[in-house]
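Here's the structure we're looking at; comments come further down.
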Amino acid sequence: MSKWQELEHQYFMNTFERLPVTLVRGQGARVWDEDGREYLDFVGGWAVNTLGHCHPVVVEAVAEQVHTLIQASNQFYTVPQIRLAELLVQNSCLDKVFFCNSGAEANDGAVKLARRYGKLNLDGAYEIITTMGSFHGRTLAMVAATGQSKFQQPYIPLPNGFVNVEYNNIEAIKAATTSRTCAVMLELVQGEGGVNLPDDSYLTTVREWCDRMGIPLILDEIQTGLGRTGTLFAYQQLGIEPDIMTLAKGLASGVPLGAILAKDKASVFTPGEHGSTFGGNPLACAAGYATLKYILDQNIASNAKRVGQYLTNGLESLRQKFQFITDVRGRGLLVALEFSSDIAQSVLMACLDRGLLVNRLKPNALRFMPPLIIGNGEVDEALDILNAVLSSITN
Ligand SMILES: *Cc1c(COP(=O)(O)O)cnc(C)c1O
240 MSKWQELEHQ YFMNTFERLP VTLVRGQGAR VWDEDGREYL DFVGGWAVNT LGHCHPVVVE
300 AVAEQVHTLI QASNQFYTVP QIRLAELLVQ NSCLDKVFFC NSGAEANDGA VKLARRYGKL
360 NLDGAYEIIT TMGSFHGRTL AMVAATGQSK FQQPYIPLPN GFVNVEYNNI EAIKAATTSR
420 TCAVMLELVQ GEGGVNLPDD SYLTTVREWC DRMGIPLILD EIQTGLGRTG TLFAYQQLGI
480 EPDIMTLAKG LASGVPLGAI LAKDKASVFT PGEHGSTFGG NPLACAAGYA TLKYILDQNI
540 ASNAKRVGQY LTNGLESLRQ KFQFITDVRG RGLLVALEFS SDIAQSVLMA CLDRGLLVNR
600 LKPNALRFMP PLIIGNGEVD EALDILNAVL SSITN
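Adding 239 to a residue's 1-based position in the sequence shown gives its number in my numbering.
If you want it as structure tokens, here you go:
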């Protein structure tokens, strides 16, 4: 264990099962550890570094903003915040934006917004329907929203007002809808929960159901948004529109920034009802604007679609070869590889040894969420390493 790793054990709370690597630098799709070893990064800061590490447009925008204005209170207008809000609205189906600092905070705020909507328009309805296997963040309320008992059990009692129902089952949503329901909140692909893809018809029926009941649909696009799945937002591929949408991860290339977007009809906060000290500060929004502008101008989402398909095809070929691979699934550059037994950790460690970073999604599955700027060459490199690692497992 290196000096830094020993110090971490001494000083940091025991919350992360870290891999034995201390990263000190990144560029594009590569990172380097404290010994100068290079890795191809298919974790991408956990689906955050859409443009790769230290992309020049982000570096320049942040550097310029650091010299200009880093933080101002939200009592004042600031330019980067307004420019980013305009760009988000112009390129989505939503009309208004609120900025915060993380995904959990965005979802928490979206739930508050839905509750305000419920108070004003739905006779005081306050309950949110969410799904099993979802992931909406780590605040106490978002743990209650997240339909996975491993996140909930340690913290019982949880805040009430959340009902977790089966994913990809419209009847479950219908059965859970009551006069208390003020919103349905969903991921279009369950990211942390397993890269679970629902039937397209599920999402359109949920949309129809929400319309029929007059309740807002909140789409959590924190992992799927910003080009990850092959369009700027995943909802654009599915023929539905959210009333409220949340973003974070890929929004500002790693400078912490989250957002709640809503249609005019659902933008019901009035002054003082919600707020944030750091949320939407000039630094984060300058990074966000540079990131989003580049994603749009360079059509990064279609690159994610093309290269994602190439990656999926390559993984499918590996599946033909290794019968212990049981599934390849995903959208764009959010892809999972599932095994018939719990070998994900040992595959991950062997990849690490050969200079490839991947994420263990479940004991028997890996996830790939590389920067969206990669090309087929990087995918080939990753596939070669995986092929070598998987071959050594069969032998
Ligand atoms: C990561 C994630 C969150 C939580 O985001 P944080 O920034 O870690 O709070 C919420 N929802 C989804 C879908 C996510 O992938």
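Heads up, the beta-carbon is just placed ideally off N, CA and C, and yes, glycines get one too.
Can you tell me where the alpha helix (DSSP H) holding residue i begins and where it ends?
i      : result
Lys389 : 388-391
Thr444 : 439-452
Tyr185 : Outside the modelled stretch of the chain, which goes from 240 to 634, sits residue 185, for which no answer is possible.
Gly547 : 539-560
Quick one: residues in its chain with C-beta nearer than 8 Å to the C-beta of residue i, no 5 flanking neighbours on either side, listed in chain order?
i      : result
Leu359 : Val507
Lys504 : Asp482
Ile409 : Tyr441, Thr444, Val445, Trp448
Leu290 : Val296, Val297, Ser492, Thr530, Tyr533, Ile534, Ile539, Pro610, Leu611, Ile612
Gly464 : Leu471, Phe472, Ala473, Met484, Leu486, Lys488, Gly489, Leu490
Val301 : Val494, Leu522, Ala525, Ala526, Ala529
Do residue i and ligand 1 come close, with the Cβ less than 6 Å from some heavy atom?
i      : result
Ala364 : no
Ala349 : no
Gly342 : yes
Gly376 : yes
Glu273 : no
Asp438 : no
Ile461 : yes
Gly430 : yes
Glu426 : yes
Between which two residues does the beta strand (DSSP E) containing residue i stretch?
i      : result
Gly569 : 564-570
Val336 : 335-339
Lys601 : 598-601
Arg269 : 269-272
Thr485 : 483-486
Asp280 : 277-280
Gln266 : 262-266
In chain order, what residues of the same chain have a beta carbon less than 6 Å from the beta carbon of residue i, not counting five sequence neighbours either side?
i      : result
Glu344 : Gly497
Ala380 : Asp347, Pro398
Arg264 : Trp271
Ala384 : Thr369, His375, Phe401
Kindly examine ligand 2 and report whether one of its heavy atoms sits closer than 6 Å to the Cβ of residue i.
i      : result
Ala487 : This structure does not include ligand 2; its bound ligands are ligand 1.
Grab me the residues of residue i's own chain with a C-beta within less than 7 Å of its C-beta, minus the 5 sequence neighbours each way, in chain order.
i      : result
Gln266 : His292, Cys293
Segment contact flag, the region 448-462 with the region 473-481, C-beta cutoff 8 Å, min 3 pairs: The region 448-462, when compared against the region 473-481, does touch it at the 8 Å Cβ threshold.
Cβ contact (3+ pairs, closer than 8 Å) linking the region 594-602 and the region 560-567: no
The region 528-547 contacting the region 602-612, beta-carbon criterion three pairs below 8 Å: yes
Contact the region 510-527 vs the region 320-340: 3+ CB pairs below 8 Å: yes
Stretch pair the region 388-399 + the region 413-427: three plus CB contacts closer than 8 Å: Taking 8 Å as the limit for Cβ pairs, the verdict is that the region 413-427 does not touch the region 388-399.
Contact between the region 361-381 and the region 423-432 (3+ Cβ pairs under 8 Å): yes
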